[in-house]
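Read the structure below first, then the notes.
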Amino acid sequence: MRTVLYPGSFDPVTAGHMDIISRAAARFERVIIGVLRNPEKTTDAFSPAERLSLLRKAAAPYPNVEAAVFEGLLARAAEACGADGVLRGLRTAGDVESEFMMARLNRQMAGVETVFLAASPAVSHISASMVRQIGRLGGDLRGLVPENLLEEISDALAQRDWNGYR
Ligand code: PNS
186 MRTVLYPGSF DPVTAGHMDI ISRAAARFER VIIGVLRNPE KTTDAFSPAE
236 RLSLLRKAAA PYPNVEAAVF EGLLARAAEA CGADGVLRGL RTAGDVESEF
286 MMARLNRQMA GVETVFLAAS PAVSHISASM VRQIGRLGGD LRGLVPENLL
336 EEISDALAQR DWNGYR
C-alpha cells in the first residue's frame, strides 16, 4: 500500500491525529488527509475550510502529506483520490468494534481495504470532542493540539458559541 487516505472529522486536528500522521508519513509514500463528515455528528466547531487550513499548517513539515475536503461516502473519496487504502488510528479497545464495522462496510461496498495504526499511549486519551469542550470552557490545550496551532485553536474555541460555527 503506497498511498493512503487518512479520513476523519478533524474538528479540530489534535495531537492524537498528529501521532498517526507523523508515523504514516514515515511509512507510506503519500498520505492524503481527508476531511469528511460524520452525518451523525452535529456538534461542529470548525467549518470544513477551517479544519483543512489547520490540517495543512499542522502537516506542513511532511512533504508527502496533503489534505483535502471530501463530500459524501468515504469509500467513494478513497476511489476518487486514487488511494490504495484507508488508514485509521485505534486509540482504545473501545474503538475497535465500530472501526472494524466501518472497515468491513467499506470493503463490501467498494473493495476498499482499511489499515490501522495503534495510537501511541502518550496520546491515546485525546479526542477532538474533549479538545472542543476544554477549549470552549477556556481550559489549557497545551499538549492536546499541535504546538504551532495552540493559540489559533484555543482562541477560536474560546470565542465559539455552542451552536454553529461562530
Ligand atoms: O474522526 P471521525 O469522526 O471518527 O471520522 C469518521 C469519518 C468521517 C471517517 C466517518 O464518519 C466517515 O467515513 N464519514 C463519511 C460517510 C461514510 O462513508 N459513512 C459510512 C462509513 S462505513
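All the letters of the sequence shown, read from the start, carry residue numbers 186 to 351 under the working numbering. The beta-carbon is built from N, C-alpha and C at its ideal position, and this holds for glycine as well.
The closest heavy atom of ligand 1 lies 7 Å or more from the beta carbon of Met-203. In terms of side-chain proximity, the C-beta atom of Met-315 is found no nearer than 7 Å to any non-hydrogen atom of ligand 1. Exclusion of the five residues before and after Leu-258 leaves no residue of its chain whose Cβ lies closer than 7 Å to its Cβ. Look at Arg-222: its beta carbon is less than 7 Å from one of the heavy atoms in ligand 1. Between the beta-carbon of Thr-199 and that of Ile-311 there is about 5 Å, and that keeps the pair under the 8 Å contact cut. The Cβ atoms of Ala-252 and Thr-188 lie no closer than 8 Å to each other.
The nearest non-hydrogen atom of ligand 1 is 7 Å or more from the C-beta of Ala-209.
Closest by C-alpha distance to Glu-225, out of Ala-244, Ser-194, Asp-325, Ser-238, is Ser-194. Counting only the Cα atoms, Arg-212 lies some 15 Å from Ile-218. Straight across, the Cα-Cα distance linking Pro-331 with Ser-283 is about 26 Å. Under the three-pair Cβ rule at 8 Å, the segment 325-339 counts as touching the segment 240-250. In this structure, DSSP gives Arg-289 a helical state, which the three-state scheme calls helix. Judged by beta-carbon spacing, Val-216 lies beyond the 8 Å limit of Pro-233, meaning their Cβ atoms are not closer than that value. Phe-301 and Leu-221 have their C-alpha atoms some 18 Å from each other. The Cβ-Cβ distance between Arg-276 and Ser-309 falls below 8 Å. Relative to ligand 1, Leu-290 has its C-beta within less than 7 Å of a heavy atom. Within 7 Å of the C-beta of Met-186 there is not a single heavy atom belonging to ligand 1.
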